[in-house]
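A.B. asks: The structure that follows is given in the form of structure tokens.
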Amino acid sequence: MNTFPVNYVELESIYQSLEKYRYQCISLSGAHGSCGTSMMAYALAKRYQANGYKVLLIDVNLHQPSLDKRLGLIRQDWQVGQDNKSAIYAPSVEGTDFLSAPLSNTASSSFRDPVAIQHSVAEWLTSYDRVIFDTSPISTSNYRDIPTNLICAAADASILMIKSEFTSQAILQECCDKFAQANANLIGVVMNDMDFPSLADEMLRETQRISTHLPWLQRALQKFIRQSGFLNFRA
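Take the sequence shown: its letters are residues 234 to 468, numbered as in our numbering.
Pasting the structure below:
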């Protein structure tokens, strides 16, 4: 899985929007698969960590779990509404802890109880400054999956990920309607355009050619490119 550097401009914009209202529990959901939801959730957790927050990143995507693969974790049987501290992977005293997707085939049943979800969120927030959910796509409706709409409803803020040149307006509207029906606080939509880099992205990539021999020039060019409204403009 790729990730963003913690000083990535777009990531910083998302972080500042969340911090403006001091949201403690955040859910990230894709409109469908391949929207980069897990990548963004991990990057956001690390951005919070860089600011001194104690963070818990929770994978609740049973359809395509990612944390266990990324970190080499063993998935365990855990449910909301119960003590799940033993399933949390804590690599350091300070920083980000991880809770990989539950293993049990019946795990999703506990997540169908909004009270149980809220109880666990409240419990986690006694130990963590921020809790981040990496969910299944909002369009997922398989009974075996953890219901994304209930996770988003329990979060203080929800972010929808879409994919450039792939997510249609109809799909986007359908997703927004589902957030509204769940009474979730959808604060924004993030477009993943990594497969369709902007002119600025291409120019930044080209500056890597001079990183060894002219690092000072590379830094100057990168600063100019990032600050250029024209080069970063998207229609």
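Ideal placement from N, C-alpha and C gives every residue a C-beta, glycine not left out.
Is residue 460 buried or exposed, if buried means 16 or more other CB atoms sit within 10 Å of its CB?
C.D. replies: exposed
A.B. asks: Could you tell me if residue 478 is buried or exposed, where buried requires 16 or more neighbouring beta carbons within 10 angstroms of its beta carbon?
C.D. replies: Examination of residue 478 is not possible in this model, given that the chain is present from 234 through 468 alone.
A.B. asks: DSSP beta-bridge partners for residue 366?
C.D. replies: 260 and 291
A.B. asks: Among the residues of its own chain, which have a CB less than 8 Å from the CB of residue 371, if the five just before and after it don't count?
C.D. replies: Within the same chain, residue 371 has close Cβ partners 262, 263, 264, 381, 382, 385, 393, 408, 411 and 412.
A.B. asks: Following the continuous beta strand (DSSP E) through residue 279, name the residue where it begins and the one where it ends.
C.D. replies: Careful: residue 279 lies outside any beta strand (DSSP E), inside the alpha helix (DSSP H) at 270-283.
A.B. asks: Here's the rule: buried if 16 or more other CB atoms are within 10 angstroms of the residue's CB, otherwise exposed. What is residue 255?
C.D. replies: exposed
A.B. asks: Return the CA-CA distance between residue 302 and residue 454, expressed in angstroms with no decimal places.
C.D. replies: 37 Å
A.B. asks: Could you have a look at residue 382 and say whether DSSP puts it in helix, strand or coil?
C.D. replies: helix
A.B. asks: To which residues does DSSP link residue 395 through a beta bridge?
C.D. replies: As computed with DSSP, residue 395 is found in a beta bridge with 424.
A.B. asks: Do you know how far the Cα of residue 288 is from the Cα of residue 336?
C.D. replies: 22 Å
A.B. asks: Please say whether residue 296 and residue 378 have beta carbons closer to each other than 8 Å?
C.D. replies: Yes. Within cutoff.
A.B. asks: Below 8 Å on the Cβ atoms is my guess for residue 458 versus residue 436; work out the distance and round it to an integer in Å.
C.D. replies: 5 Å between Cβ atoms; contact.
A.B. asks: Beta-carbon separation of residue 258 and residue 396 under 8 Å?
C.D. replies: For residue 258 and residue 396, no; Cβs fall outside 8 Å.
A.B. asks: Are residue 320 and residue 309 closer than 8 Å when you measure CB to CB?
C.D. replies: yes
A.B. asks: So for residue 373, helix, strand or coil by DSSP?
C.D. replies: coil
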